[in-house]
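Undergrad: Chains as they are written, first to last, in our numbering: chain A, 1 to 88; chain V, 1001 to 1323. Cβ atoms here follow ideal geometry from the backbone N, Cα and C, with glycine treated the same way.
1. Which same chain residues, not among the five before or five after residue 1197 of chain V, have their C-beta less than 8 Å away from its C-beta?
2. In whole angstroms, what separates the C-alpha of residue 56 of chain A from that of residue 32 of chain A?
3. In the structure shown, what three-state DSSP assignment does residue 1282 of chain V receive?
4. Where does residue 88 of chain A fall in DSSP's three states?
5. Which partner residues does residue 64 of chain A have in the DSSP bridge list?
6. Below 8 Å CB to CB, which residues in the same chain sit around residue 1010 of chain V once its five sequence neighbours on both sides are set aside?
7. Considering only the beta carbon of each residue, do residue 1056 of chain V and residue 1106 of chain V sit closer than 7 Å?
8. Note down the Cα distance separating residue 24 of chain A from residue 1188 of chain V, rounded to an integer number of angstroms.
9. Would the region 1006–1020 of chain V count as touching the region 1130–1139 of chain V if we require 3 or more Cβ pairs under 8 Å?
10. Measure the C-alpha to C-alpha separation of residue 1252 of chain V and residue 1068 of chain V and round it to an integer number of angstroms.
11. Relative to the C-alpha of residue 1116 of chain V, which residue among V/1267, V/1181, V/1061, V/1284 is closest?
12. Checking 7 Å against the spacing of the C-beta atoms, do residue 1232 of chain V and residue 1137 of chain V come in under that value?
13. Is there contact here, the region 37–44 of chain A with the region 1027–1045 of chain V, by at least three beta-carbon pairs under 8 Å?
14. When you compare the CB of residue 45 of chain A with every CB in chain V, is at least one pair closer than 7 Å?
15. I believe residue 54 of chain A touches residue 30 of chain A by the beta-carbon criterion, under 8 Å. Please report the beta-carbon distance rounded to the nearest angstrom.
16. For residue 1165 of chain V, which residues of its own chain have a beta-carbon under 6 Å away from its beta-carbon, when the five flanking residues on both sides are left out?
17. Note down, in chain order, all residues in the region 17–31 of chain A with a beta-carbon under 7 Å from any beta-carbon belonging to chain V.
18. Indicate the three-state DSSP secondary structure (helix, strand or coil) for residue 1316 of chain V in the structure shown.
19. Express the C-alpha separation of residue 1236 of chain V and residue 1004 of chain V in angstroms, rounding to a whole number.
20. Would you check if the distance between the CB atom of residue 1027 of chain V and the CB atom of residue 1049 of chain V is smaller than 7 Å?
21. Measure the beta-carbon distance from residue 1021 of chain V to residue 1142 of chain V and round it to whole angstroms, keeping in mind my assumption that it falls under 8 Å.
22. Checking the sheet assignment: what are the DSSP bridge partners for residue 1232 of chain V?
23. Report all residues from its chain with a CB closer than 7 Å to the CB of residue 1215 of chain V; omit the five preceding and five following residues, and keep chain order.
24. Please check if any C-beta of chain V sits within less than 7 Å of the C-beta of residue 100 of chain A.
25. So with Cβ pairs under 7 Å, would you call residue 1111 of chain V a contact of chain A?
26. By Cβ distance below 8 Å, which residues in the same chain neighbour residue 975 of chain V in space, the five residues on each side in sequence not counted?
27. Can you give me, in chain order, the residues of the region 1068–1083 of chain V that have a beta carbon less than 8 Å from any beta carbon in chain A?
28. Any C-beta of chain A sitting closer than 7 Å to the C-beta of residue 1219 of chain V?
29. Please name the residue in V/1245, V/1294, V/1260 whose C-alpha comes closest to that of residue 1058 of chain V.
30. Starting from residue 1141 of chain V, trace the alpha helix (DSSP H) in both directions and tell me its first and last residue.
Structure (structure tokens):
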């Protein structure tokens, strides 16, 4: 499952991302974030993190530097509190 | 697992079928009465109308984006500073630049939302046209069996618009699909090139970014060709129209909100000056220049008023002056 997701994200980054250039208001971009999140946190948590990030990426968000939380950091503190205050 | 996904997918798509088919059928009422209900022209124009409606609905997002990139001029010196400081480290440079955008509330990028919104719409249109041809008795959204049959059998310029390059031997479909693929490649390529040649500072055009752009030249036709042979001609019309709209939108941005320090910004400055000169007014940039000049003049005047300290002179010099 994880490998499948990684493959899909890689295909997206190869084929679809170049079509519209850089649009993401964050660094790393949403697809780079998704790739890293799934690689680091596995299919379920990675997908969850990536989905949250996508909902944060809209024209009313300030954008900015928004890295994938590290495994150690996210284990003891709730991720929803750390991401809710950021971006949107 | 797959069932689970198809249930979620169905729940998302069901309302979309209604929205898309409502717009499509609405346009078809208009164009159908003009060109004949079963005609390909009516259906193709309906698809183009649908595209325009969707892109118009996304204009608020676009306006918001323009507003949030309005102060790029003001933070430009800071961006330069960062480029000087972290120019060797692209990762760090990207991080710091994004931080700066966030802190100043100015972000030149459109966000991922417009693309995310358009994906399911694209998919819904694909399903509507594909299923209309394969299974006209299944009524999705506002499509009746009669409309499904018309939609699935509509022929435009000798090509059945529900056919794909792959599932037909008809030369007309293949030619039309190929032409549309070429059109999509050309519009996207032009959009990107316009962005690079006019709206990018010269220093951004070298290095890894330029490399990536060159890659794009090879990736683009491949992606459009793959999409172009797998999707029905009707969907390709949607895609091409959407690309054309993007190109026009970007032309507007480059003309009216160019990135500072680029050829497009210089061109706009020149136009503004010419316009201001015709009206006998002054542009903000000119006013700023004049203000700076006036300040410098004032400082010079102030300086000349302060008393000059007598300079040490030799007796010979003093005598020379007296005479």
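TA: Reading from the atomic positions:
1. Hits under 8 Å: 1263.
2. Cα to Cα, the separation comes out at about 15 Å.
3. In the structure shown, residue 1282 of chain V sits in coil (DSSP, three-state: anything other than H, G, I, E or B).
4. Bear in mind that a pLDDT of 36 at residue 88 of chain A, under 50, signals an unreliable position, so the number given afterwards is only what the model happens to contain. Note: residue 88 of chain A maps to coil in three-state DSSP.
5. DSSP output for residue 64 of chain A lists A/26 as bridge partner(s).
6. Setting aside the 5 residues that flank it on each side, residue 1010 of chain V has no residue in the same chain whose C-beta is closer than 8 Å to its C-beta.
7. In this structure, residue 1106 of chain V does not lie closer than 7 Å to residue 1056 of chain V by Cβ.
8. Distance between the alpha carbons of residue 24 of chain A and residue 1188 of chain V is about 18 Å.
9. No, the region 1006–1020 of chain V does not touch the region 1130–1139 of chain V.
10. One C-alpha to the other measures close to 16 Å.
11. Scanning V/1267, V/1181, V/1061, V/1284 for the CA closest to the CA of residue 1116 of chain V turns up V/1061.
12. The Cβ atoms of residue 1232 of chain V and residue 1137 of chain V lie no closer than 7 Å to each other.
13. Counting C-beta pairs closer than 8 Å gives fewer than three between the region 37–44 of chain A and the region 1027–1045 of chain V, which falls short of the contact rule.
14. No, no contact with chain V.
15. Right, their Cβ atoms sit about 6 Å apart.
16. In its chain, beyond the 5 residues on either side, 1174, 1177, 1229 have a beta carbon closer than 6 Å to the beta carbon of residue 1165 of chain V.
17. The residues in question are 18, 19, 20, 21, 22, 23, 24, 25, 26, 27, 30.
18. Correct three-state label for residue 1316 of chain V: helix.
19. So the two alpha carbons sit approximately 30 Å from each other.
20. Yes, Cβ-Cβ distance for residue 1027 of chain V and residue 1049 of chain V is below 7 Å.
21. At roughly 4 Å, the Cβ-Cβ gap stays under 8 Å, so residue 1021 of chain V and residue 1142 of chain V are in contact.
22. Beta-bridge pairing links residue 1232 of chain V to V/1164.
23. Hits under 7 Å: none found.
24. The structure shown has nothing for residue 100 of chain A, since chain A only spans 1 to 88.
25. Taking Cβ atoms only, chain A reaches closer than 7 Å to residue 1111 of chain V, which makes this a yes.
26. The structure shown has nothing for residue 975 of chain V, since chain V only spans 1001 to 1323.
27. Those residues of the region 1068–1083 of chain V that come within reach of chain A (Cβ to Cβ, closer than 8 Å) are 1068.
28. Closer than 7 Å to some Cβ of chain A, the Cβ of residue 1219 of chain V qualifies, so yes.
29. When each option's Cα is compared against that of residue 1058 of chain V, the closest is V/1245.
30. Taken as a continuous stretch (DSSP letters only), residue 1141 of chain V belongs to no alpha helix (DSSP H), as it is neither H nor E.
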